[in-house]
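Heads up: the sequence shown begins at 2 in the working numbering, then just goes up one per residue. In what follows, a structure is listed as structure tokens, so that the remarks can point back to it.
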Amino acid sequence: MNFKDLQKEQKEKLHDSLMKLVEKLGSKNSFLSFIEELRQKTTNPLLNKYTKHSFDKATLEWNKVIYEDTLKHLFDSIKREEANGDIISGINPKEYKNTMNMMKTLKPVNITICDTLTFPLLDTSKPKETKVSILFKIIFFYNISFAKDVLAYEKE
2 MNFKDLQKEQ
12 KEKLHDSLMK
22 LVEKLGSKNS
32 FLSFIEELRQ
42 KTTNPLLNKY
52 TKHSFDKATL
62 EWNKVIYEDT
72 LKHLFDSIKR
82 EEANGDIISG
92 INPKEYKNTM
102 NMMKTLKPVN
112 ITICDTLTFP
122 LLDTSKPKET
132 KVSILFKIIF
142 FYNISFAKDV
152 LAYEKE
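Here you go:
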């Protein structure tokens with residue numbers, strides 16, 4: 002996804018969401034350092050069985066244990082969503098079943114950063130249309146330059 006391709010309303014909403022997190026962490030640099038530190042770990046912090054991980058500038062908590070197969074399937078689904086616009090578009094029946102199981106497993110998962118900002122891992126705000134939360138993608142999946150573009154955006 003390219004930040005420049007988003008509509009103005011989407012850019013503003015995304016900027017506001019990220020700025021709330023930046024305020025909790027203290028600065029834009031603290032937020033970017035948090036993302037870089039998170040990605041430097043050899044294993045994804047979400048695989049921690051204690052559902053909590055502490056970093057220099059923040060703590061990351063979630064409400065359900067996530068297993069490696071589920072996380073791998075989630076990242077595959079994100080790639081498919083980015084390419085096709087939908088998590089389940091154009092997949093075979095076996096993969097459809099695995100994707101639906103992954104979505105059922107991860108639907109109740111909420112991620113909390115610094116005990117203040119909580120967001121769902123999966124965005125189910127529209128009926129029959131489940132997507133991976135954009136905040137999750139920014140923190141765990143997208144290139145750090147995407148986060149920099151969002152933070153540098155200025156409202157008109």
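Beta carbons are placed, not taken as given, at the ideal position from N, Cα and C, and that holds for glycine.
Under a 10 Å Cβ-count criterion, residue 114 is classified as buried, with 16 or more other Cβ atoms of the shown protein chains found around its own Cβ. Counting other Cβ atoms within 10 Å of its Cβ, residue 90 stays below 16 and is therefore classed as exposed. The secondary-structure analysis by DSSP pairs residue 120 across a beta bridge with 112. Contact between residue 35 and residue 4 is ruled out by a C-beta separation of about 19 Å, above the 8 Å threshold. By the neighbour-count criterion, in which a residue is buried when 16 or more other Cβ atoms sit within 10 angstroms of its Cβ, residue 43 is exposed.
A check of alpha carbon separations from residue 119 across 64, 70, 150 and 47 identifies 64 as the nearest. DSSP lists 62 as the bridge partner or partners of residue 53.
Where residue 10 is concerned, the enclosing alpha helix (DSSP H) starts and stops at 9-26.
Under the Cβ criterion (8 Å, minimum of three pairs), the segment 102-109 counts as touching the segment 122-129. Listed in chain order, the non-local C-beta contacts of residue 50 below 8 Å within the same chain comprise 66, local neighbours out to five positions each way being set aside. By the criterion of a C-beta distance shorter than 7 Å, residue 83 is surrounded in its chain by 2, once the five residues flanking it on both sides are discounted.
Each residue's CA atom was taken as its position, placing residue 130 and residue 75 some 16 Å apart. Rounded to whole angstroms, the Cβ separation of residue 135 and residue 15 is 6 Å, and the two are in contact under 8 Å. A straight line joining the alpha-carbon of residue 133 with that of residue 156 spans about 25 Å.
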